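Numbering (our numbering), first residue to last: 450 to 580.
Think of the CB as a built atom: it goes at the ideal place given N, C-alpha and C, for glycine as much as any other residue.
These figures come from a predicted structure and were not determined experimentally.
Reviewing the structure listed below.
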């Protein structure tokens, strides 16, 4: 079963800096760390300044250890198949990782409640980062 913690659409570096990592993904533009991946109790933990997900093999349809070192597109697709919004701060249109300084995060609100976060890359590609 998946588990998700979210920052309601506002990137939070303080909480992100406290997460463990076996693999780190960095912004292709400035090199800033943007995603941390770790294994914990047979689950893949994916952390970013936007949210933290714990995904098990059943949700992912693949061994979490194999995904720990998978390519960014493969990781993104596995997360989509697990009914998540894909790899945080990854633009599939550009095949690029981008930090919150380069990937605009636009929280969307519905009647005063957080609904989702829209991400827009510098090339104008849009996708939902957190729903």
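Supposed contact pair residue j and residue i - C-beta distance, whole angstroms, cut 8 Å
| i | j | result |
| --- | --- | --- |
| residue 543 | residue 572 | 6 Å |
Residue closest to residue i, alpha-carbon to alpha-carbon, out of the options
| i | options | result |
| --- | --- | --- |
| residue 506 | 559, 500 and 491 | 491 |
| residue 474 | 498, 464, 503 and 463 | 498 |
| residue 545 | 565, 562 and 524 | 524 |
| residue 548 | 469, 463, 479 and 559 | 479 |
| residue 477 | 470, 522, 460 and 539 | 539 |
Distance CB(residue i)-CB(residue j) smaller than 8 Å
| i | j | result |
| --- | --- | --- |
| residue 484 | residue 495 | yes |
| residue 509 | residue 487 | no |
Rounded C-alpha distance that separates residue i from residue j
| i | j | result |
| --- | --- | --- |
| residue 503 | residue 551 | 25 Å |
| residue 534 | residue 578 | 6 Å |
| residue 472 | residue 574 | 26 Å |
| residue 515 | residue 556 | 32 Å |
| residue 527 | residue 511 | 8 Å |
| residue 462 | residue 501 | 12 Å |
| residue 459 | residue 481 | 17 Å |
Residue i in three-state terms, based on DSSP
| i | result |
| --- | --- |
| residue 538 | coil |
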